[in-house]
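Engineer: The structure's right below; bear with me while I get my questions together.
Numbering (the numbering used here), first residue to last: 5 to 666.
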């Protein structure tokens, strides 16, 4: 691919409320002339955006003298528009590049972004050369950067040297963005200290540090408490007492950014990886399952159980033991599913299997195999009469509280509170009208009700299944991400993991556990609506494999497209699944506005080099090409007008698509 042959379209100026990681300086495109620029449109709630941050880290370090990554933070939730919350997120996720705060979506609109995340590549002369949506583009971007370096170095338009990034002042404290906590048998508390990439054991006061497990360096290393490494650990679960000796560990940890489950022996602090390979599961990728020799073992079978160390996981966020299922249930936030980990014994290593979810993002109830989730992030066993082994689930991106009930070898899923991907707020009352905002934690109260860490509302909320009512228990908390229920002498206290305040906080429940009824209003994701015409609408999702890759149809069709609408009546024709990345839709003229939901996937693989490299014996060397998956879920607000567009383009990977518009 030659970028010089692409349409020459100037990049739009970077406009927003302010900048982070620049030492207070405002950055313009003119300041970046001579550098390759990657604009990363992100929002800190989005797991796909967090994956992209991780994908860009290595590339950013390799090319820091010629490449500048600029994060354009375009918030989805109301809380994310708070500048203090954004500053905390930039610190939490160790963002080592300038970030533009774009709460009004000005720059988002200038580049006609339509999905989180969206990446735009700008060449050293200030022209847009590529736009791509979703995650999984690291190899494509790396190839493009190498190409641009060679081209512009030859032209004399590449300027090497330091970029505009200015690191913030480091912070210190016992905890740094703690995520989850669990009481230990000795009365202490074990905290997933995500910002310190370690586990912190605290005394019962919740403040005094007893010991730390993990070196504090980001990484995936097994060993003793001083050598072991984690990467943003979140969920914690005590192993059932009668299984600890056999398994050799007492606590199971959801080690989120390592895409792994880790076992911790409390007596020694020894850490062992018990599930996952350390690499991210890519939906549709045949390399997700490895054989004994480490080679890809074929496509993932959602009905199969696999050796626990042979399958890639995707951002496990929480984990809980289910006595009914005889397994740990894992909230796999990275691809919107629940998994079951059966540890079996130390000798055979156990198995993992998909328990529920289709890997599509949304709010759909029913049997586990058909249910849709959206970043499941908190799990807790239900309590009280009629619990029947059910689990409470905090489903973050749909701002929902859901109930997962074992049914045979699977589960049934039911939503208790929540409206979907685009509706959120702080509203108490009847559950079918109540609203949450990106909850990350949940716990069961002794009376059978559930208390939710309503993270982006800074509140604790209570749902009572007996009355179907939602109330507010506490407000004014700094991004609560987990709740531990403590009962002593008949009194119920809640130990709250206040993540953005870097502490644990005790909250006393009001008498009768009822809580107050508040109405802080309802909100919808605020993005400009795209005007479309009634009648026939052409939907195109252009995809071009990266240089050195081709579409991969070894395991079936290489592309897929799913289309639906809210309300469903918006589309008269064209909803459903297919393999073509283009489709003719028919829009209902009697529906004034709505949301088009589009899910697209495209699989590609590396092409063998020509001529084939040869070994010392002169024989061609065996080629092991990597597989790649581009995927994205769009929710496009639309308004039906007489003069609206008759074509909607959503680039999955556009190589120099000109106007970078959809």
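Just so it is clear, CB atoms sit at the ideal spot from N, CA and C, and this is done for glycine as well.
1) Whose C-beta lies closer than 6 Å to the C-beta of residue 581 among residues of the same chain, with five residues either side of it excluded?
2) To the nearest angstrom, how far is the alpha carbon of residue 274 from that of residue 82?
3) Which residues in the same chain as residue 533 place their Cβ atom closer than 7 Å to its Cβ, once the five residues preceding and following it in sequence are excluded?
4) Evaluate residue 135 with the Cβ neighbour count: other Cβ atoms within 10 Å of its Cβ, from every protein chain shown; 16 or more gives buried, anything less gives exposed.
5) CB of residue 233 to nearest heavy atom of the ligand ADP: below 7 Å?
6) How big is the Cα-Cα spacing for residue 218 and residue 13?
7) Mind checking whether residue 586 and residue 543 have CB atoms under 8 Å apart?
8) Start and end of the alpha helix (DSSP H) containing residue 2?
9) Considering only their Cβ atoms, is the gap separating residue 239 from residue 323 smaller than 8 Å?
10) Quick check on the DSSP output: the alpha helix (DSSP H) that includes residue 113 runs from which residue to which?
11) Cutting at 7 Å between CB atoms, please list the residues of its own chain near residue 480, excluding the five before and the five after it.
12) To the nearest angstrom, how far is it from the Cα of residue 19 to the Cα of residue 40?
13) What residue range does the beta strand (DSSP E) around residue 53 cover?
14) Go through its chain and collect everything with a Cβ distance to residue 579's Cβ below 6 Å, but skip five positions before and after it.
15) Cutting at 8 Å between CB atoms, please list the residues of its own chain near residue 27, excluding the five before and the five after it.
16) Do you know whose CA, among 317, 429, 398 and 411, lies nearest residue 448's CA?
17) Thinking C-beta only, is residue 417 closer than 8 Å to residue 435?
18) Looking at residue 469: is its Cβ nearer than 8 Å to the Cβ of residue 485?
19) Does the stretch 252–269 come close enough to the stretch 221–240 that 3 or more CB-CB pairs lie under 8 Å?
20) On the CB-based measure, 16 or more other CB atoms within 10 Å of its CB, does residue 87 come out buried or exposed?
21) If we call anything under 8 Å between Cβ atoms a contact, is residue 589 one with residue 541?
22) Per DSSP, what are the beta-bridge partners of residue 276 in this structure?
23) Pick from 613, 609 and 622: whose alpha carbon is nearest that of residue 291?
24) Identify every residue that forms a DSSP beta bridge with residue 467.
25) Name the residue from 244, 224 and 306 whose alpha carbon lies nearest to the alpha carbon of residue 266.
26) Specify the secondary structure class of residue 238 as computed by DSSP and reduced to three states.
27) Quick check: what's the CA-CA separation for residue 410 versus residue 441?
28) Since residue 473 and residue 393 should fall inside the 8 Å C-beta cutoff, what is the C-beta to C-beta distance between them, to a whole number of angstroms?
29) Strictly by DSSP, which residues pair up with residue 542?
30) Is the beta carbon of residue 55 less than 8 Å from the beta carbon of residue 338?
31) Would you identify the three-state DSSP class for residue 212, choosing helix, strand or coil?
32) Suppose contacts are defined by Cβ-Cβ distances below 8 Å. Is residue 196 in contact with residue 203 by that definition?
33) Please report the distance separating the alpha-carbon of residue 429 from that of residue 185.
34) On the DSSP letters alone, give me the boundaries of the alpha helix (DSSP H) that residue 87 sits inside.
35) If you drop the 5 nearest sequence neighbours on each side, which residues of the same chain put their C-beta closer than 8 Å to that of residue 287?
36) Going by beta carbon distance, what residues of the same chain come within less than 6 Å of residue 651, once the five residues before and after it are set aside?
Structural biologist: The structure says:
1) As a working mapping, residue 581 is identified with position 577 in the chain shown. Non-local beta-carbon contacts of residue 581 in its own chain, meaning distances under 6 Å to residues more than five positions away in sequence, involve 566 in chain order.
2) On the chain shown, position 270 is the one that residue 274 refers to. On the chain shown, position 78 is the one that residue 82 refers to. Cα to Cα, the separation comes out at about 41 Å.
3) Walking along the chain shown from the start, residue 533 turns up at place 529. Hits under 7 Å: 597, 641, 642 and 643.
4) The residue you call residue 135 lines up with position 131 of the chain shown. Its Cβ being crowded by 16 or more others within 10 Å, residue 135 is buried.
5) In the structure shown, the ligand ADP is absent, as is every other ligand, since no ligand is present at all.
6) In the chain shown, counting from the first residue as 1, residue 218 sits at position 214. In the chain shown, counting from the first residue as 1, residue 13 sits at position 9. Distance between the alpha carbons of residue 218 and residue 13: 49 Å.
7) Counting from one through the chain shown, the residue named residue 586 turns up at place 582. Counting from one through the chain shown, the residue named residue 543 turns up at place 539. Taking C-beta atoms as the reference points, residue 586 and residue 543 count as a pair closer than 8 Å.
8) Absent from the structure is residue 2, since the part of the chain shown begins at 5 and ends at 666.
9) By 1-based counting over the chain shown, the position of residue 323 is 319. By 1-based counting over the chain shown, the position of residue 239 is 235. For the pair residue 323 and residue 239, the CB atoms are nearer than the 8 Å cut-off.
10) The residue you call residue 113 lines up with position 109 of the chain shown. Its alpha helix (DSSP H) spans residues 110–114.
11) To locate residue 480, count along the chain shown from 1; it is residue 476. Cβ-Cβ distances below 7 Å link residue 480 to 462 in the same chain, with the five nearest sequence neighbours on each side left out; the list follows chain order.
12) Counted from its first residue, the chain shown places residue 19 at position 15. Counted from its first residue, the chain shown places residue 40 at position 36. If you take the alpha carbons of residue 19 and residue 40, they lie about 19 Å apart.
13) Locating residue 53 in the chain shown gives position 49, counting from the first residue. For residue 53, no beta strand (DSSP E) encloses it; the enclosing alpha helix (DSSP H) starts and ends at 51–66.
14) Numbered from its first residue, the chain shown carries residue 579 at position 575. Same-chain partners within the cutoff: 567 and 568.
15) The residue labelled residue 27 in the question sits at position 23 within the chain shown. Residues of the same chain with a CB within less than 8 Å of the CB of residue 27, apart from the 5 flanking positions on each side, are 170 in chain order.
16) Counting from one through the chain shown, the residue named residue 448 turns up at place 444. Checked all of 317, 429, 398 and 411; the closest Cα to residue 448 is 398.
17) The residue labelled residue 435 in the question sits at position 431 within the chain shown. The residue labelled residue 417 in the question sits at position 413 within the chain shown. Their beta carbons are not under 8 Å apart, which means residue 435 does not touch residue 417 by this criterion.
18) Within the chain shown, residue 469 is the residue found at index 465, counting from 1. Within the chain shown, residue 485 is the residue found at index 481, counting from 1. No; because the gap between Cβ atoms is not below 8 Å, this pair is not in contact.
19) Yes: at least three Cβ pairs fall under 8 Å.
20) Translated into the one-based positions of the chain shown, residue 87 becomes position 83. It is exposed - the Cβ of residue 87 has fewer than 16 other Cβ atoms within 10 Å.
21) Taking the first residue of the chain shown as 1, we reach residue 589 at position 585. Taking the first residue of the chain shown as 1, we reach residue 541 at position 537. Yes. Within cutoff.
22) The residue labelled residue 276 in the question sits at position 272 within the chain shown. Beta-bridge analysis with DSSP links residue 276 to 267.
23) In the chain shown, the residue the question calls residue 291 occupies position 287. It is 609.
24) Within the chain shown, residue 467 is the residue found at index 463, counting from 1. Partner(s): 454 and 474.
25) Here residue 266 corresponds to residue number 262 of the chain shown, with the count starting at 1. Ranking 244, 224 and 306 by Cα distance to residue 266 puts 224 first.
26) Mapped onto the chain shown, residue 238 falls at position 234. Three-state DSSP puts residue 238 in a strand.
27) Numbered from its first residue, the chain shown carries residue 410 at position 406. Numbered from its first residue, the chain shown carries residue 441 at position 437. C-alpha separation (whole angstroms): 27 Å.
28) Taking the first residue of the chain shown as 1, we reach residue 473 at position 469. Taking the first residue of the chain shown as 1, we reach residue 393 at position 389. Going by Cβ atoms, the distance from residue 473 to residue 393 rounds to 24 Å, so no, they are not a contact pair.
29) Against the chain shown, residue 542 aligns to sequence position 538. By DSSP's assignment, residue 542 forms a beta bridge with 588 and 651.
30) The residue given as residue 55 occupies position 51 in the chain shown. The residue given as residue 338 occupies position 334 in the chain shown. Yes, the pair counts as a contact, with Cβ atoms nearer than the cut-off.
31) As a first step, residue 212 must be located in the chain shown, where it is residue number 208. Coil at residue 212, not helix or strand.
32) What you label residue 196 is simply residue 192 of the chain shown in a count that begins at 1. What you label residue 203 is simply residue 199 of the chain shown in a count that begins at 1. Pairing residue 196 with residue 203 gives a Cβ-Cβ distance under 8 Å.
33) For the purposes of this step, residue 429 is taken as residue 425 along the chain shown, with counting starting at 1. For the purposes of this step, residue 185 is taken as residue 181 along the chain shown, with counting starting at 1. Between residue 429 and residue 185, the C-alpha separation is close to 26 Å.
34) Counted from its first residue, the chain shown places residue 87 at position 83. Run containing residue 87: 87–96, per the alpha helix (DSSP H) assignment.
35) Here the question's residue 287 lines up with position 283 in the chain shown. Hits under 8 Å: 339, 363, 605, 633 and 635.
36) Against the chain shown, residue 651 aligns to sequence position 647. For residue 651, where only same-chain residues beyond five positions count, the Cβ hits under 6 Å are 542.
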